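Chemist:
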Amino acid sequence: MRAFVAVAIATVSFGLSPASAQVVASGAAPLPLAPDVAAIVDRGTLIVAMTSFDNPPFYSGSGKHLEGIDVTLAERVAEALGVKVEFNRDAETFNDVVAKVALGQADLAISKISRTHARAQVVAFSEPYARLRHALIFNRLKLARMTEGRDIAEVVRHFEGSIGVIENSSFATFAKERFPHATVVPFKTWDEVIEATIAGKVDASYRDEFEIRKVAVDRPDASISLRTVTINDARDSIAVAAPWDRPRLLGIVNQVIDERATQVTADELIALYRASTETEGGH
């Protein structure tokens with residue numbers, strides 16, 4: 125995975141201010157740190173929650189070999205605070221990652237977390253570091269039957285079929301909001317969602333454009349049975365979750381994100397993902 129690290133750092137770099145420099149007024153002692161920052165600095169460790177499963181190129185690996193965009197962002201925030209980073213990977217779902225922060229078991233959640241209204245009621249979110257369009261991947265045969273004599277955009281806009289999603293994910297919520305007449309079918313994993321779509325057990329899978337496009341990388345033969353439709357007027361905002369009562373910590377996170385020149389794009393993510401899979405395959 126070392127080649128992936130080099131690509132990731134070269135292509136996706138988050139800016140960083142000098143590590144935890146004390147602010148000193150002229151002729152005075154260093155100013156006291158904000159309480160929410162001081163607690164982390166005193167501990168010497170920033171605890172960051174991530175899911176137990178890998179999600180490259182956002183994060184993958186373990187221990188000292190944990191790598192990816194989210195890992196780099198977490199390390200940059202820790203460096204800004206002048207502390208080490210510790211990753212808590214006990215969470216089984218994305219909602220569980222958010223819960224780690226809400227319950228005080230982690231300082232931040234950096235785990236390709238989507239901002240949703242429900243999550244925003246229990247944690248605070250940073251500015252997005254990626255905005256990805258929503259997308260569907262259809263069973264090609266079922267889509268052909270649904271679109272006989274109809275425009276695809278119209279079929280998607282008023283979709284009444286079945287949609288597979290990951291249970292307890294942001295897209296389980298998005299599906300109910302965007303497709304109120306559809307039947308939303310939750311699955312434990314994304315692989316199960318895709319398998320169900322290929323088998324025709326559901327009409328379509330629903331997630332962000334990166335994850336949908338990634339299917340073609342992982343399953344190049346799937347294009348025979350699947351067809352992708354991107355939804356241009358819906359965005360999935362990927363951000364860092366922080367406790368609602370730690371505004372200065374959130375401010376530091378936002379500064380680290382802001383110091384990066386541009387947001388991460390779907391094209392950039394796909395390029396990084398291809399690089400990581402080629403490295404793993406020994407190509």
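My numbering puts the first residue of the sequence shown at 125, with every later residue one more than the last.
Ideal Cβ positions, reconstructed from N, Cα and C, are used throughout, including at glycine.
Treat the numbers as computed from the prediction; the structure is a model and nothing was measured.
1) Is Ile381 closer than 9 angstroms to Ser238 when the C-beta atoms are compared?
2) By Cβ distance, which residues of its chain are closer than 8 angstroms to Val341, with the 5 residues on each side in sequence left out?
3) Cβ atoms of Ile355 and Arg257: under 9 angstroms apart, would you say?
4) Considering only the alpha carbon of each residue, which of Glu392, Trp368, Gln379 lies closest to Val246?
5) Report the CB separation of Asp166 from Leu373 in whole angstroms; it is logged as a contact under 8 angstroms.
6) On the criterion of 16 or more Cβ atoms from any shown chain inside 10 Å, does Ile376 qualify as buried, or is it exposed?
7) Could you tell me the alpha carbon to alpha carbon distance between Asn212 and Ser294, rounded to whole angstroms?
8) Return yes when at least one heavy atom of the ligand FMN lies under 8 angstroms from the C-beta of Val289, else no.
9) Less than 9 angstroms separating the beta-carbons of Ser235 and Phe182?
10) Which of the three DSSP states is assigned to Glu203 in this structure?
11) Could you pull the start and end residues of the beta strand (DSSP E) that Val172 belongs to?
12) Tell me where the beta strand (DSSP E) around Asn263 begins and ends.
13) Out of Ala226, Asn179, Ala215, which has the shortest C-alpha to C-alpha gap to Asp194?
14) Using only the alpha-carbon positions, how far apart do Arg384 and Glu335 sit?
15) Assign His407 to one of two classes, buried (16 or more other C-beta atoms within 10 Å of its C-beta) or exposed (fewer than that).
16) Ignoring anything shorter than 3 residues, give me the beta strand (DSSP E) runs that lie fully in the region 327 to 361, in order along the chain.
17) Am I right that Val172 and Leu205 are in contact with their C-beta atoms under 8 angstroms? What's the rounded C-beta distance?
18) Spell out the partners DSSP gives Leu232 in its beta bridges.
19) So, for Val388: in the same chain, excluding its five sequence neighbours on each side, which residues have a beta-carbon less than 7 angstroms away from its beta-carbon?
20) Given this structure, state the Cα-to-Cα distance separating Phe298 from Asn378, to the nearest angstrom.
21) So who's on the other strand from Phe311, going by DSSP bridges?
22) Leaving aside the five residues before and after Val326 along the sequence, list all residues of the same chain whose C-beta is less than 7 angstroms from its C-beta, in chain order.
23) As a quick exercise: from Lys208, Ile164, Lys338, Ala248, pick the residue whose alpha carbon is nearest that of Asp391.
24) Of all Cβ atoms in chain B, is any one closer than 9 angstroms to the Cβ of Leu256?
25) Bridge partners for Ile237 per DSSP, in chain order?
26) Does Lys224 pass the burial test, meaning 16 or more other C-beta atoms within 10 Å, or should it be called exposed?
27) Hey, could you find the ends of the beta strand (DSSP E) Arg213 is sitting in?
28) If you draw a straight line from the alpha carbon of Glu77 to that of Asp357, how long is it in whole angstroms?
Modeler: The structure says:
1) Against a cut-off of 9 angstroms, the Cβ pair of Ile381 and Ser238 comes out as no contact.
2) Here Val341 has Ile394, Tyr397, Arg398, Thr401 as same chain residues with Cβ atoms under 8 angstroms from its own Cβ, once five neighbours each way along the sequence are excluded.
3) Cβ atoms of Arg257 and Ile355: closer than 9 angstroms.
4) From the listed residues Glu392, Trp368, Gln379, the smallest Cα separation to Val246 is found for Trp368.
5) 13 angstroms between Cβ atoms; not a contact.
6) Under this definition Ile376 is a buried residue.
7) A direct Cα-Cα distance of roughly 21 angstroms separates Asn212 from Ser294.
8) Questions concerning the ligand FMN fall outside what the structure shown contains, since it holds no ligand whatsoever.
9) At a Cβ-Cβ threshold of 9 angstroms, Ser235 and Phe182 count as neighbours.
10) Secondary structure of Glu203 (DSSP, three-state): helix.
11) Start and end: 169 to 175.
12) From DSSP, the beta strand (DSSP E) with Asn263 extends over 254 to 263.
13) For Asp194, the nearest C-alpha among the options comes from Asn179.
14) One C-alpha to the other measures close to 23 angstroms.
15) Any reading at His407 needs caution, since the residue's pLDDT is 42, under 50, leaving its predicted position unreliable; the model's value is listed next. Around the C-beta of His407, fewer than 16 other C-beta atoms lie within 10 Å, and the residue is accordingly described as exposed.
16) If you keep only unbroken beta strand (DSSP E) runs of at least 3 residues inside the region 327 to 361, you get 328 to 332.
17) Separation of the CB atoms of Val172 and Leu205 is rounded to 12 angstroms, and the pair is thereby denied contact status at 8 angstroms.
18) According to DSSP, Leu232 bridges with Val172.
19) If we look at Val388 and ignore the five residues flanking it on each side, its Cβ neighbours are Val136, Ile193, Tyr253, Ala254.
20) Going from the Cα of Phe298 to the Cα of Asn378 covers about 25 angstroms.
21) Its beta-bridge partners are Ile290.
22) For Val326, same chain residues with a beta-carbon under 7 angstroms away, outside a window of 5 residues either side, are Ser286, Ile287, Gly288, Val309, Ala320 in chain order.
23) Per the C-alpha coordinates, the member of Lys208, Ile164, Lys338, Ala248 positioned closest to Asp391 is Lys338.
24) Looking at the structure shown, chain B is missing, and only one protein chain is on hand.
25) Beta bridge pairing from DSSP links Ile237 with Ala363.
26) Buried, by the Cβ-count rule.
27) Where Arg213 is concerned, the enclosing beta strand (DSSP E) stretches over 208 to 215.
28) For the chain, the structure presents residues 125 to 407; residue 77 sits outside this window and is missing.
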